[in-house]
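Residue numbers (the numbering used here): 489 to 768.
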Ligand SMILES: Cc1cc2nc3c(=O)[nH]c(=O)nc-3n(C[C@H](O)[C@H](O)[C@H](O)COP(=O)(O)OP(=O)(O)OC[C@H]3O[C@@H](n4cnc5c(N)ncnc54)[C@H](O)[C@@H]3O)c2cc1C
């Protein structure tokens, strides 16, 4: 394969190689397996540099690969190119409560959705898990599409994230809340997200509850999801959810007492709001 990438030196020992296609980016990765890193918006890499981490010898820029940009809609999905800046992603209705919680507007002009996923503790991750999103990744041996949960647990060695697929759901079924300090960059203390569909008989289905500790834990709460699934939302169901959350959150070893308590309160308050709303 002819390598047509262009090169720019950013400091004595770092070369930025601008790939114009996914194939070219992959070829560069193969050429520099241990001394390179992909870069999109560069906001996280710049932050890491300010925190004292050295830049790698080679940065493989993805920002000229046109197929990685843009937002499309199909009948069932919203498809977002991985290099689409977060501010543009805010136009997706299901992400409208999520994107403004990530960094500042200036950072979001450059920061991308793919970069946020590869951060592994990005704030969009719990939301994407709750929304049932899938991610397309390309590696040397081909392309595949996996759920966000699988993406996190696979820890694939530096794939190129190409697209994020979000199933179209009713906006009122989705809930997202980040709890953190107001600083230019403070990691979230915790994030909760949920998706719960309610049919005409007010029976709940398609339940996904997600807890994130703001670090590398972003997980669903399957036991409590089963307590809600197939049930009408009543005071007694909410009581059972509360008990189940106590037990399920206690099993998450990385969660602090504060995180467990706030997570439970946020979910319960959302369920009470929904129950009261559905009775009106
Ligand atoms: C001031 C400041 C505040 C911030 N606040 C937040 C915050 O509140 N919440 C939050 O979640 N994050 C925050 N961040 C971190 C970061 O900006 C975001 O996570 C951002 O979305 C990263 O995207 P990027 O395109 O800039 O990534 P880059 O810096 O370009 O890359 C980040 C990582 O992802 C990899 N990568 C990027 N794109 C791809 C791709 N398409 N395929 C494969 N690998 C790729 C890179 O190799 C690198 O390892 C903040 C950063 C700053 C500087």
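We put the CB at the ideal spot given by N, CA and C, even for glycine. Predicted model only: the values in this text are computed from it and were never measured.
Tell me the rounded alpha-carbon separation between residue i and residue j.
| i | j | result |
| --- | --- | --- |
| residue 751 | residue 550 | 37 Å |
| residue 676 | residue 701 | 8 Å |
| residue 726 | residue 761 | 11 Å |
| residue 508 | residue 648 | 13 Å |
| residue 753 | residue 522 | 45 Å |
| residue 733 | residue 594 | 37 Å |
| residue 558 | residue 615 | 20 Å |
| residue 466 | residue 749 | With the chain represented from 489 up to 768, any question about residue 466 goes unanswered, as that position is not in the structure. |
| residue 766 | residue 613 | 29 Å |
| residue 588 | residue 596 | 9 Å |
| residue 697 | residue 501 | 45 Å |
| residue 503 | residue 525 | 11 Å |
| residue 680 | residue 617 | 11 Å |
| residue 650 | residue 744 | 35 Å |
| residue 667 | residue 640 | 21 Å |
| residue 530 | residue 718 | 44 Å |
| residue 738 | residue 515 | 46 Å |
| residue 688 | residue 716 | 16 Å |
| residue 544 | residue 634 | 28 Å |
| residue 567 | residue 686 | 25 Å |
| residue 563 | residue 541 | 44 Å |
With distances taken from CA atoms, which of the options is nearest residue i?
| i | options | result |
| --- | --- | --- |
| residue 611 | 542, 665, 758 and 726 | 665 |
| residue 773 | 637, 725 and 629 | This structure leaves residue 773 out entirely; the chain is present only between 489 and 768. |
| residue 759 | 704, 746 and 662 | 662 |
| residue 629 | 748, 558 and 517 | 517 |
| residue 513 | 651, 723, 626 and 726 | 626 |
| residue 578 | 562, 599, 564 and 546 | 599 |
| residue 695 | 569, 520, 714 and 615 | 714 |
| residue 756 | 690, 682 and 745 | 682 |
| residue 458 | 506, 655 and 520 | Residue 458 is absent from the structure shown; the chain starts at 489 and stops at 768. |
| residue 581 | 656, 745, 729 and 764 | 656 |
| residue 741 | 654, 716, 631 and 706 | 706 |
| residue 532 | 591, 585 and 583 | 591 |
| residue 623 | 585, 584, 534 and 565 | 565 |
| residue 585 | 619, 567, 563 and 739 | 619 |
| residue 660 | 583, 545, 511 and 739 | 583 |
Got a sec: is the Cβ-Cβ distance from residue i to anything in chain C below 8 Å?
| i | result |
| --- | --- |
| residue 554 | Among the protein chains of the structure shown there is no chain C, as only one such chain exists. |
Measure the beta-carbon distance from residue i to residue j and round it to whole angstroms, keeping in mind my assumption that it falls under 8 Å.
| i | j | result |
| --- | --- | --- |
| residue 475 | residue 527 | Because residue 475 is not part of the residues shown, which for the chain are 489 to 768, the question remains open. |
| residue 678 | residue 747 | 5 Å |
| residue 720 | residue 691 | 6 Å |
| residue 684 | residue 570 | Contact flag wrong, Cβ pair sits at about 28 Å. |
| residue 506 | residue 552 | 5 Å |
| residue 709 | residue 736 | 5 Å |
>> Under 8 Å: do the region 565–577 and the region 591–606 share three or more Cβ pairs, one atom per stretch?
In response: Contact between the region 565–577 and the region 591–606 is present, because at least three Cβ pairs lie under 8 Å.
>> Please give the ranges of any beta strand (DSSP E) in the region 553–599, keeping only runs that are unbroken, at least 3 residues long and fully inside the region.
In response: The DSSP assignment places complete beta strand (DSSP E) segments of no fewer than 3 residues inside the region 553–599 at 559–561 and 565–569, in order along the chain.
>> Going residue by residue through the region 511–557, where are the continuous alpha helix (DSSP H) segments of at least 4 residues, counting only ones entirely within it?
In response: Inside the region 511–557, DSSP marks whole alpha helix (DSSP H) runs of 4 or more residues at positions 531–538, from first to last along the chain.
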